[in-house]
Each structure stands twice: as structure tokens, then as C-alpha cells.
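> There's a structure below that I have some questions on.
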């Protein structure tokens, strides 16, 4: 993992207000880390180029930076799902649900309702967090995306699961990573 230093952030800060600290050379540190960790990987040159573009993109706010990276990776992997940043549409909702005992579910349900969605698909790990009954009561079908276990050569070491898409890209390249991304099931 890597850390992006921020300015005046607290656990109560809304993501759209968190500023990245430009006075610290964190981008250079991250790129050095990628370089020294992966310089001998098979797809280093192919992957390092895109990482440089992503890490060095100029944004002031953390959510803009993260959104940019997600959108660029989708474009890189030919993922055509429309991604919009509509956080401002939901700022009022945050105050209404922050004291709720089931805030995470309420947040998702309310966003689905406001967008007219009848289905919500979450990562497989969320099956322990979200209740299908709660979503069904709100006329929303809750589904989970499941990606099969993968295994690839990581410098001839024992395979370390759940690292990141960066690790996958460095070791098996764009096209093989794209195949893994497209090999999912909706449960």
C-alpha cells in the first residue's frame, strides 16, 4: 500500500473536501517504490508507463485524484461502464444517515432510489455487510460480483493473494489482466 498525505483531514471530513498535500514529494516516493519492487517483472515497462501517468496526474482533491485513476484504468482496460462523480448530489443525505445504525446500507439504498436503480452489485466481500432482505424491502435487488481465484508467477515466490491490480499488471500484462477482469460471475 502507499499513503497520500493530506491536509487538515479528520475522520469526519467529507471525501470531496480532502486536499492532497503538495508540499511533500509523495508521488516520487510512490514511483520509486513501484520501480524497486517491480523492476524485474515481465511487464514492467508496459505497466510503469501507465502508472507514471496516473500517479503524476495533477489534482488538488483526493476524490478527484482517485476518480481520475479509476476512469483512466477503465479506459486502459476498455471498460465502457459510465462512471460519474455525483458526490454533490448526496451531501444532504450524509447528514440524514450519519447517525443511523445501518448507515452503509441506508446510504446505498438511498443512492439507488435517487438514481432509479432496481439492482445494486457489490464486491463479494460485502455479503457479510449487506442484507438482501433490507434491499428487497426497498425494491432493490442486491447481487454480488465474484472473481475466481487467480494465481500467477510473482518472482518465483509463493503466490500472495489480494495485492493489487498493479501487481497483476506487472506480472501478467495488460491483456491477461483484462481477461481476469472480464472473468467474473454475478451472484
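Numbering (this note's numbering), first residue to last: 760 to 946. Backbone N, C-alpha and C define an ideal beta-carbon position, used for all residues, glycine too.
Check for me: the beta strand (DSSP E) holding residue 878 runs from which residue to which?
Note, residue 878: beta strand (DSSP E), 878-882.
> Check residue 913 in the structure and name its three-state DSSP category.
The answer is strand: DSSP assigns residue 913 an E or B state.
> Terminal residues of the continuous beta strand (DSSP E) containing residue 905?
First-last of the beta strand (DSSP E) with residue 905: 900-905.
> Just checking, does the region 767-785 make contact with the region 814-822 on the three C-beta pairs under 8 Å criterion?
In short, these stretches touch, since the Cβ pair count reaches three.
> On a CA-only basis, which of 915, 933, 909 is nearest residue 922? Give me that one, please.
That would be 909, whose Cα lies nearest to the Cα of residue 922.
> Out of 864, 901, 935, which one is the CA nearest neighbour of residue 836?
The option with the nearest alpha carbon to residue 836 is 935.
> Is residue 804 near the ligand MG - that is, is its Cβ less than 7 Å away from at least one heavy atom of it?
As for the ligand MG, it is missing from this structure, which has no ligand bound.
> For residue 767, which residues in the same chain have their Cβ closer than 8 Å to its Cβ, ignoring the five residues on either side in sequence?
The answer, listed in chain order, is 778.
> Could you pull the start and end residues of the alpha helix (DSSP H) that residue 821 belongs to?
Here the alpha helix (DSSP H) through residue 821 covers 821-835.
> Using 10 angstroms around the beta-carbon of residue 883, count the other beta-carbons present and answer buried if the total reaches 16, otherwise exposed.
The residue in question, residue 883, is exposed, as its Cβ has fewer than 16 Cβ neighbours within 10 Å.
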